[in-house]
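See structure below.
Residue numbers (our numbering), protein chains in the order written: chain R, 1 to 312; chain G, 1001 to 1287.
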């Protein structure tokens, strides 16, 4: 098996790196530092780490207040709490005033370490990408997660970063430079375009390889920045293939699939199928079982691609 | 500045607020009238600010957490020289910098956008924490409404501020005893009979580890003394619990929940302005 690395591990390491590089960077934690690996910074640079307790609404407001002073606060908690419990706070004191607060949303999707639906959020992309001034980023692996953190730290505005919990394969080159708003072509083929984001990109690549063995040539586009969307790349996928399949560990409502369908409906109408969760919450369980039950496995992606092609 | 001068400025804030709200046909009144002397004292005596440099790094910060009283804040900013008082008549108009609730992206001089209640104290905590980290000596002042402290986030912020011993943070509670609608008393819902939005705030804030000061929010000398006492707080955040009257200064608006926010007729405005002018005359010609 190839090297596996968790996004949260590299998050902790990269926070140390960012704080060492820039005296304005601080991290605010909602009492989950040992889950999100923010505890690495708490040990390495305790004066830059602010424990805010189990009080997530205040957490966002404190970060906003710090940002008005020119500090560069990062907020670290679970995606479920940031995207939903803190929604009004993010809207009013972060997004509307366009303050430089980075929202590190850990444990995104449904693979959250046996926590069940209360600790999972399946519509955070939909929520965040519909919010004016908000940028939304979902890296596929740990190396891209680090590169994204370095890139957004130089961007003055609110960013929602969606991180996954568990160790996963690395496909991003170690020297990768993250360009905010740029999608990446991982493979080119004329039969079907597959557009994916976050950790689901890893399963999409495996699915594309399996499809090739069956003689189906696919283009795979990884979209780590869901907002602003790389419209040109997505239209290019639609123009150069026969149909488009979107894949995400998220609801089919309003996430990457929604964004792609909206764009292509206006700019390049083609047949689109969205793979993701269909108006359901997740549950507790081992990752593989969750992926299979909720239709996100490599086999689910290949099946969806074949079905879509069969309708043409 | 002398107390009578601050009373006069307070009345000027009231007058300009009433004119702007009447002109806009909408806006909150009662909670501005209860806070008018305190806004005057803050901007003309307490805050270390420079209207010519609204983004001066070392300025004291002020957050109006009860953001629906924005027009009162705009009025005092204009009187203090941040912008021309004529602009107050653009309140709530399209393209105005004077939004219904304070929008820091539009108007220099606003240290935080507020409006969704219960959210103003947390950024104040962030400013005080950040000031400590940056070695800045400015103070952070946050005005709270008595209704909005029903929000849980206020108490999250109160807890964290005490845990960090933020002694450069001072909250001001405008305890005017009415909220937008409120709870009925045993006699039911009448205009002036409502349960207090908060019971015994002194004990509540003290229990959260804050230094608690009390004053009559309509007496500048008392409010200024509380602000001085707040500056002397060490190791704890402080709160000034200001006893006030909602609608203060206009007899038919005082203690009537309906004047939280209600359009005025022309006659209402004339009567209110006449009362405020009379109050100023009672203060004498001033210094």
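Yeah, the Cβ is synthetic: ideal placement off N, Cα and C, and Gly gets one too.
Those residues of the segment 1146-1167 of chain G placed with their C-beta closer than 8 Å to a C-beta in chain R are 1152, 1153, 1156, 1157, 1159, 1160 and 1163, ordered along the chain. Within its own chain, the residues whose Cβ lies closer than 6 Å to the Cβ of residue 1115/G, once the five positions on either side in sequence are excluded, are 1067 and 1101, listed in chain order. For the C-beta of residue 178/R, not a single chain G residue is nearer than 9 Å; the gap to the nearest is close to 27 Å.
Residues are counted here when their Cβ sits less than 8 Å from a Cβ of chain G; for the segment 189-211 of chain R the count is zero. Inter-segment contact for the segment 1117-1137 of chain G and the segment 1147-1165 of chain G is present: three or more beta-carbon pairs are separated by less than 8 Å. Against residue 68/R, the close residues of chain G are 1061, 1104, 1111, 1112, 1123, 1126, 1127 and 1130, in the order they occur along the chain (beta-carbon pairs closer than 9 Å). Going by DSSP, residue 166/R is part of no beta strand (DSSP E) at all; its letter is neither H nor E.
For residue 98/R, the closest Cβ of chain G is nearer than 9 Å. Within the segment 84-97 of chain R, 88, 89, 91, 92, 93, 96 and 97 place their CB atoms closer than 9 Å to a CB of chain G, listed in sequence order. Around the beta-carbon of residue 4/R, fewer than 16 other beta-carbon atoms lie within 10 Å, marking it exposed. Residue 1047/G has its alpha-carbon roughly 43 Å from the corresponding atom of residue 181/R. In this chain, the alpha helix (DSSP H) harbouring residue 1155/G covers 1152-1163.
In the three-state reduction of the DSSP assignment, residue 81/R falls in the helix class.
DSSP, read as helix, strand or coil, puts residue 307/R in helix.
Per the DSSP secondary-structure output, residue 274/R pairs in a beta bridge with 246/R. Per DSSP, the continuous beta strand (DSSP E) segment holding residue 1062/G begins and ends at 1061-1064. Looking only at 14/R, 220/R, 232/R and 235/R, the smallest Cα-Cα distance to residue 301/R is reached by 220/R. Boundaries of the beta strand (DSSP E) around residue 51/R: 49-51. Taking a Cβ-Cβ threshold of 7 Å, none of the residues of chain R is close to residue 1180/G; the smallest such distance is about 18 Å. If the five residues before and after residue 200/R are omitted, its C-beta is found closer than 7 Å to the C-beta atoms of 247, 248, 249 and 296, all from its own chain and listed in chain order. Against chain R, a Cβ distance below 7 Å from residue 1116/G picks out 88 and 92. Note that the segment 1051-1068 of chain G touches the segment 1028-1043 of chain G; at least 3 beta-carbon pairs, one per stretch, sit closer than 8 Å. Not one beta carbon of chain G lies nearer than 9 Å to the beta carbon of residue 158/R. Chain G has no Cβ within less than 9 Å of the Cβ of residue 82/R. If the five residues before and after residue 95/R are omitted, its C-beta is found closer than 7 Å to the C-beta atoms of 131, 132, 133, 134 and 158, all from its own chain and listed in chain order. Nearest in C-alpha terms to residue 166/R, of all of 281/R, 111/R, 70/R and 239/R, is 111/R.
Taking 9 Å as the cut-off, the beta carbon of residue 164/R is found no closer than this to the beta carbon of residue 114/R. Residue pairing by DSSP puts residue 1174/G in a beta bridge opposite 1145/G and 1242/G. The continuous alpha helix (DSSP H) containing residue 1021/G extends over residues 1003-1024. In the three-state reduction of the DSSP assignment, residue 1030/G falls in the helix class. Scanning 1259/G, 1282/G, 1255/G and 1250/G for the CA closest to the CA of residue 1271/G turns up 1250/G. If the five residues before and after residue 119/R are omitted, its C-beta is found closer than 8 Å to the C-beta atoms of 78, 80, 107 and 112, all from its own chain and listed in chain order. Of 1220/G, 1180/G and 1267/G, the smallest CA-CA separation from residue 1117/G is found for 1180/G. Taking a C-beta distance under 9 Å as the contact criterion, residue 1237/G and residue 1166/G qualify as a contact pair. Under the DSSP definition of a beta bridge, residue 106/R partners with 78/R. Chain-ordered, the chain G residues with CB closer than 8 Å to the CB of residue 71/R read 1130, 1133 and 1134.
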